[in-house]
Amino acid sequence: VFNNEKLSVSPGIGYFNFHEYYESGGLGGKSTKDYRHRAVSVHSKFLFETFSFEKTQIHLGAVAGIYLATQTQGKESWWIMYQYPDINSGEREINRSGKAFFHRAYYGLLSRFCNKTSDRNPRLTPGFELSFYPGFATPGNKKVSMGMVSLILGFNSKK
111 VFNNEKLSVS
121 PGIGYFNFHE
131 YYESGGLGGK
141 STKDYRHRAV
151 SVHSKFLFET
161 FSFEKTQIHL
171 GAVAGIYLAT
181 QTQGKESWWI
191 MYQYPDINSG
201 EREINRSGKA
211 FFHRAYYGLL
221 SRFCNKTSDR
231 NPRLTPGFEL
241 SFYPGFATPG
251 NKKVSMGMVS
261 LILGFNSKK
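All letters in the sequence shown, in the order written, are residues 111 to 269 by this note's numbering.
Here you go:
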């Protein structure tokens, strides 16, 4: 959207799909939790051109996004032995909002490495991004961070 020599701001759409599995138990019982977390988000990337070599550009920046829709689906099952032969067991299907896992918004830091393919086509700059999102999700009751590698097609509007 905004692009000058050193700073660019670009919007985007993200899709996240995570699988979470827990199994615990002992002599008196066992429980299993198997979840699939999905989310759709919109985000903006703020990139500063930091280094520029012959055909390589290195950008550093930040990303901030909000979730439009989240969903958690899965299954929980358990069995508990009180006194033989008294056993309590069950299974439950899960289909709920993923807000407890994904929160409302996210932010992170990123670095982008781009390579201009040729002087004849300066609009094409493929590359990749390395990004880090602190406190991205909450599996169970523990906040975890996420690292991500993204491939960039790099179609530029600049002439």
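All residues carry an ideal CB built from backbone N, CA and C; glycine is no exception.
Where the alpha helix (DSSP H) containing residue i begins and where it ends
{"i": "Phe163", "result": "Element bounds for Phe163: n/a, residue is neither H nor E."}
Buried versus exposed, by CB contacts within 10 Å (16 or more), residue i
{"i": "Arg214", "result": "exposed"}
{"i": "Phe163", "result": "exposed"}
{"i": "His169", "result": "buried"}
{"i": "Glu239", "result": "buried"}
{"i": "Phe158", "result": "exposed"}
{"i": "Gly138", "result": "exposed"}
Residue range of the unbroken beta strand (DSSP E) whose run includes residue i
{"i": "Phe242", "result": "237-247"}
{"i": "Phe211", "result": "First-last for Phe211: 209-212, but that is the alpha helix (DSSP H), not the beta strand (DSSP E)."}
{"i": "Leu198", "result": "In the sequence under discussion, the amino acid at residue 198 is Asn, which differs from the Leu named in the question. Counting along the chain, the beta strand (DSSP E) containing Asn198 begins and ends at 196-206."}
{"i": "Phe223", "result": "215-225"}
{"i": "Gly264", "result": "Taken as a continuous stretch (DSSP letters only), Gly264 belongs to no beta strand (DSSP E), as it is neither H nor E."}
One or two residues paired with residue i in a DSSP bridge
{"i": "Tyr145", "result": "Glu130, Gly184"}
{"i": "Leu170", "result": "Phe158, Ser221"}
Where residue i sits in the DSSP three-state scheme
{"i": "Leu137", "result": "coil"}
{"i": "Leu234", "result": "strand"}
{"i": "Lys155", "result": "strand"}
{"i": "Gly250", "result": "coil"}
| Does the region 133-146 come close enough to the region 167-174 to have 3 or more Cβ pairs within less than 8 angstroms? | no
| said: Under 8 angstroms: do the region 181-188 and the region 204-218 share three or more Cβ pairs, one atom per stretch? | reply: yes
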